[in-house]
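Working notes, beginning with the structure itself.
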Amino acid sequence: AVNHEVFPESVMTKQELKGIAESQGYDLKRVDIKEYSIVISPNNKADLASYTESLNAKFKAEGLTYVAINTGNTIDILPAGWGKGLAHKRFVEHLRKQSWSDITNDDIMRVGDNGQVDGNDHSMLNSFGGFSVGEFAGDVTPVVDIDGQPITGYEGTMWLFDNLKFEGRTGRQALNSEL
């Protein structure tokens with residue numbers, strides 16, 4: 169069964185976390201409480217990185233087990249360890265139960281555009297089979313051309329499909345044969 173656990177409020181309620189975000193003096197459009205996260209929408213996207221960094225520093229200083237993640241448009245506050253990396257891990261566990269017993273996390277290609285350390289794709293991309301077609305840092309593999317220049321967005325994703333081999337076929341050939 170898939171874990172549909174909602175945001176745990178045993179340490180701090182979502183309302184209290186929302187209060188922390190609002191008390192930082194940030195220039196915010198809004199702060200929304202969602203079922204699985206708190207979503208902060210700054211008025212200026214240029215503030216995303218600094219707001220994310222300062223929220224994470226505040227959580228760490230106060231001993232809170234939450235993390236702020238930059239999505240590229242908003243900041244999500246989640247319990248530490250939650251995110252796309254956990255979703256990928258649980259998807260692989262589900263496949264193993266469905267007769268794919270030998271599949272591993274590294275057997276599934278993952279593509280995202282927010283692979284920087286505080287980015288919402290980092291936990292999903294920071295191992296073999298993970299590629300960034302946008303921001304990246306550290307152990308996240310960017311998609312690059314023959315000169316080592318990053319290929320981003322749609323073009324980067326299509327480059328992967330056209331150039332990586334899946335059982336002797338390109339990704340696009342494999343995809344088209346399944347349709």
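Quick note on this note's numbering: the sequence shown kicks off at 169 and runs consecutively.
Think of the CB as a built atom: it goes at the ideal place given N, C-alpha and C, for glycine as much as any other residue.
Under a three-way DSSP split, which group does residue i fall into?
i, result
"residue 224", "helix"
"residue 180", "coil"
"residue 230", "coil"
"residue 303", "strand"
"residue 240", "coil"
"residue 235", "strand"
"residue 312", "strand"
"residue 324", "helix"
"residue 253", "helix"
Tell me which same chain residues have a C-beta within less than 7 angstroms of the C-beta of residue i, skipping the five on either side of it?
i, result
"residue 211", "195, 196, 197"
"residue 209", "196, 197, 198, 242"
"residue 172", "Because the pLDDT at residue 172 is just 48, under 50, the model does not fix this residue reliably, and the point stays unresolved."
Kindly list the residues whose CB is nearer than 6 angstroms to the CB of residue i, restricted to its own chain and excluding five residues on each side of it in sequence; keep chain order.
i, result
"residue 220", "236, 238, 243, 286"
"residue 307", "294"
"residue 313", "319"
Per DSSP, which residues does residue i bridge with? Please list them.
i, result
"residue 278", "298"
"residue 319", "Answer is none; residue 319 lacks a bridge partner."
"residue 353", "No information on residue 353 is available, as it lies outside the stretch 169 to 347 that the chain covers here."
For the ligand MN, is there any heavy atom lying closer than 7 angstroms to the beta carbon of residue i?
i, result
"residue 213", "Ligands are entirely absent from the displayed structure, and the ligand MN is therefore not among its contents."
What is the C-beta distance between residue i and residue j, in whole angstroms, given that I count them as a contact (C-beta under 8 angstroms)?
i, j, result
"residue 279", "residue 328", "6 angstroms"
**Asked** Touching or not, the region 264-275 and the region 230-241, by the rule of three or more beta carbon pairs under 8 angstroms?
**Response** No, the region 264-275 is not in contact with the region 230-241.
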